[in-house]
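Below is one structure, written out as structure tokens; the observations come after it.
Chains as they are written, first to last, in the numbering used here: chain A, 4 to 341; chain B, 4 to 341.
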């Protein structure tokens, strides 16, 4: 017998639902397509059907603790509404939490996708031994979340952790949020493709031209593959990516002096291409990071150097996520179990 | 009878020591010159003499709770050392806390000047009705501090709140911290004077030329006075100041979603000259601020507009400090009383 909860990860493309035991064991996972074009009512209907079906099925194994849901975008936690989401156009101000609760006849825990990913990594992943961390998810945009004393830090309206909209270039590329030069305009999958097209238009990138014209989808992954093969224009794009991410992280380290910064999301898999520049920028731009960085710049655990008055004991760790795309599912399932 | 503590505010020019009652009443204040040129041992000696004298004198009135000290710069709270301070050259890695404790034969509470100012404003000033706030002090540089749940948030090494070193212009003016384009290179007293000299060298600012050549000290105050009189070049400097401060605050609001941001320090008195640009930048650059800003942009209290699902209830307040230069003295005295 094992108590369990349901975690939901709603994205712009995928809708994934999992039953997870209180101990963090995956009992069952269902992957659906999020039919976003058919509107929120339809997607919420599919979601509620799957939640009902999974919770019925596993009820014989233990007590059902409830449902947690991670959604993308700027969430107003107070009223349970998505204020703005690049991945879910048409959901702005849709009463998503109320609607799901009405259909299920039960309270659900709606939360921001990056916040539940942070909770997942804190529970079972890279952050399981720290109590204070930031999560940065690199995907279509940049998601962010803060864990303090082991719990999600929400801020006044549940909007804390919008690191992706930290200004990197005050006169830079316009962003959907109303600002210019936001971090996510340089350090996301969308940004990589945009910057690659700019390099193509400037006639500076023959291999990128070929990849874009190949018929296969031209994505962050295609650019990464060229960079790994040593293509200079593709490598430059990841340097710009790493630079923006490094500036953003330097700001976060200066403001919050946290123990750990976990980098996740799909583009995290390009770590080798962007991380060296990211660490270089952080070391140069953050006085707090420079004073507390581990000797091994790639973010591994504390060195064994003796502490002393001229040396700060605790290190600022920047490291890769461990749970991959399941962090959000686990974290969402954790919400009702807390 | 009233229990009391001693608060010390150590700056690059002034050394102020006060006895404050547990209820926040100022019992006595002593202002000395910080003879920084004579070295840390000498300044610490003067400080300890004054602490001893004040605590003896008021011991008849109530129990002496101890001494709190606010110092400028990047402080390593773990080891009680100033890592870097523009105002206290020669104090880097001086064991300031140990040395004061050794001389007084008692434990003292060493803290960062902006953190104790935040504690003062939280205790008796602008933040007395909120539990979550940031303090920004505009002086020689920019100081910063975060209060969460009514308490100073230190971060892992006591270095949280270094807002002044948030990057505003990635290729901007070099900063002593090793970065380029830090907020405090555009939004501090030092920055105003530097930008004014640049405008003078560019031949664009006849009134500034006159002020700089007048024999009186050419300071942030002289530039402010010209701006108030309508001098366009002086006004432009305060627009650059407000822009940098607005970008920095937008980053802080996006990351932390706090209830209140209290602006203090000497240059706060130029509020009218920089605040309109600062609010304009924040509204444009922070999606969180845009969703939560009060209707009255100058940061006054919550409007009476009805809350509802399309409206976030709690507002993000950016407001002026109330305790002026005494915030740090009160906050330092609060440390042993907590």
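Even for Gly, the Cβ is constructed at its ideal location relative to N, Cα and C.
Spatial neighbours of residue i within its chain, please: CB distance less than 8 Å, with the 5 preceding and 5 following residues excluded, ordered by chain position.
{"i": "residue 83 of chain A", "result": "98, 99, 100, 101 and 113"}
{"i": "residue 47 of chain B", "result": "99, 102, 103 and 106"}
In the structure shown, what three-state DSSP assignment does residue i receive?
{"i": "residue 285 of chain B", "result": "helix"}
{"i": "residue 52 of chain B", "result": "helix"}
{"i": "residue 318 of chain A", "result": "coil"}
{"i": "residue 307 of chain B", "result": "Unreliable placement is indicated for residue 307 of chain B, whose pLDDT of 39 sits below 50; the coordinate value is still reported in the next sentence. Residue 307 of chain B: coil per DSSP, three-state reduction."}
{"i": "residue 152 of chain B", "result": "coil"}
{"i": "residue 231 of chain A", "result": "helix"}
{"i": "residue 291 of chain B", "result": "helix"}
{"i": "residue 10 of chain B", "result": "strand"}
{"i": "residue 81 of chain B", "result": "coil"}
{"i": "residue 62 of chain B", "result": "coil"}
{"i": "residue 280 of chain A", "result": "helix"}
{"i": "residue 99 of chain B", "result": "helix"}
{"i": "residue 174 of chain A", "result": "coil"}
{"i": "residue 133 of chain A", "result": "coil"}
{"i": "residue 185 of chain B", "result": "strand"}
{"i": "residue 324 of chain B", "result": "coil"}
{"i": "residue 87 of chain B", "result": "strand"}
{"i": "residue 251 of chain B", "result": "helix"}
{"i": "residue 330 of chain A", "result": "helix"}
Just how far apart, CA to CA, sit residue i and residue j?
{"i": "residue 321 of chain B", "j": "residue 255 of chain B", "result": "12 Å"}
{"i": "residue 116 of chain B", "j": "residue 190 of chain B", "result": "18 Å"}
{"i": "residue 252 of chain A", "j": "residue 111 of chain A", "result": "33 Å"}
{"i": "residue 246 of chain A", "j": "residue 66 of chain A", "result": "48 Å"}
{"i": "residue 294 of chain B", "j": "residue 333 of chain B", "result": "34 Å"}
{"i": "residue 211 of chain B", "j": "residue 166 of chain B", "result": "29 Å"}
{"i": "residue 28 of chain B", "j": "residue 52 of chain B", "result": "22 Å"}
{"i": "residue 235 of chain A", "j": "residue 60 of chain A", "result": "53 Å"}
{"i": "residue 37 of chain B", "j": "residue 16 of chain B", "result": "5 Å"}
{"i": "residue 12 of chain A", "j": "residue 142 of chain B", "result": "47 Å"}
{"i": "residue 274 of chain B", "j": "residue 123 of chain B", "result": "20 Å"}
{"i": "residue 39 of chain B", "j": "residue 177 of chain B", "result": "25 Å"}
{"i": "residue 183 of chain A", "j": "residue 290 of chain B", "result": "11 Å"}
{"i": "residue 153 of chain B", "j": "residue 257 of chain A", "result": "21 Å"}
{"i": "residue 181 of chain A", "j": "residue 224 of chain A", "result": "28 Å"}
{"i": "residue 339 of chain B", "j": "residue 186 of chain A", "result": "41 Å"}
{"i": "residue 309 of chain B", "j": "residue 79 of chain A", "result": "Only weak support exists for where residue 309 of chain B lies, its pLDDT of 39 falling under 50; the coordinates are left without a value."}
{"i": "residue 130 of chain B", "j": "residue 298 of chain B", "result": "20 Å"}
{"i": "residue 24 of chain B", "j": "residue 32 of chain B", "result": "12 Å"}
{"i": "residue 170 of chain B", "j": "residue 26 of chain A", "result": "42 Å"}
{"i": "residue 221 of chain A", "j": "residue 270 of chain A", "result": "14 Å"}
{"i": "residue 264 of chain A", "j": "residue 207 of chain B", "result": "46 Å"}
Measuring CB to CB, does residue i end up less than 8 Å from residue j?
{"i": "residue 281 of chain A", "j": "residue 249 of chain A", "result": "yes"}
{"i": "residue 137 of chain A", "j": "residue 341 of chain A", "result": "no"}
{"i": "residue 57 of chain B", "j": "residue 75 of chain B", "result": "no"}
{"i": "residue 81 of chain B", "j": "residue 161 of chain B", "result": "yes"}
{"i": "residue 336 of chain B", "j": "residue 93 of chain B", "result": "no"}
{"i": "residue 266 of chain A", "j": "residue 139 of chain A", "result": "yes"}
{"i": "residue 35 of chain B", "j": "residue 22 of chain B", "result": "no"}
{"i": "residue 237 of chain A", "j": "residue 230 of chain A", "result": "yes"}
{"i": "residue 7 of chain B", "j": "residue 68 of chain B", "result": "yes"}
{"i": "residue 159 of chain B", "j": "residue 135 of chain A", "result": "yes"}
{"i": "residue 144 of chain A", "j": "residue 331 of chain A", "result": "no"}
{"i": "residue 85 of chain B", "j": "residue 54 of chain B", "result": "no"}
{"i": "residue 179 of chain A", "j": "residue 89 of chain A", "result": "yes"}
Restricting to Cα atoms, I'd like to know which of the options is closest to residue i.
{"i": "residue 292 of chain B", "options": "A:335, A:145, A:244 and A:168", "result": "A:168"}
{"i": "residue 326 of chain B", "options": "B:334, B:128 and B:203", "result": "B:128"}
{"i": "residue 259 of chain A", "options": "B:59, B:201, B:164 and B:205", "result": "B:164"}
{"i": "residue 243 of chain A", "options": "A:276, A:224 and A:219", "result": "A:276"}
{"i": "residue 173 of chain B", "options": "A:287, A:8 and A:278", "result": "A:287"}
{"i": "residue 227 of chain B", "options": "B:339, B:13 and B:241", "result": "B:241"}
{"i": "residue 239 of chain B", "options": "B:268, B:269 and B:196", "result": "B:196"}
{"i": "residue 43 of chain A", "options": "A:323, A:181, A:319 and A:96", "result": "A:96"}
{"i": "residue 50 of chain A", "options": "A:225, A:104 and A:120", "result": "A:104"}
{"i": "residue 14 of chain A", "options": "A:130, A:268 and A:297", "result": "A:268"}
{"i": "residue 328 of chain B", "options": "B:272, B:339, B:88 and B:279", "result": "B:272"}
For residue i, verify whether its CB is less than 7 Å away from any heavy atom of the ligand FMN.
{"i": "residue 67 of chain B", "result": "Ligands displayed in this structure: none; no statement on the ligand FMN is therefore possible."}
Please list, in chain order, all residues of the same chain as residue i whose beta carbon is under 7 Å from its beta carbon, the five residues on each side excluded.
{"i": "residue 203 of chain B", "result": "211, 212 and 215"}
{"i": "residue 4 of chain A", "result": "64 and 65"}
Report all residues from its chain with a CB closer than 6 Å to the CB of residue i; omit the five preceding and five following residues, and keep chain order.
{"i": "residue 194 of chain B", "result": "188"}
{"i": "residue 283 of chain A", "result": "none"}
{"i": "residue 118 of chain B", "result": "148 and 155"}
{"i": "residue 217 of chain B", "result": "none"}
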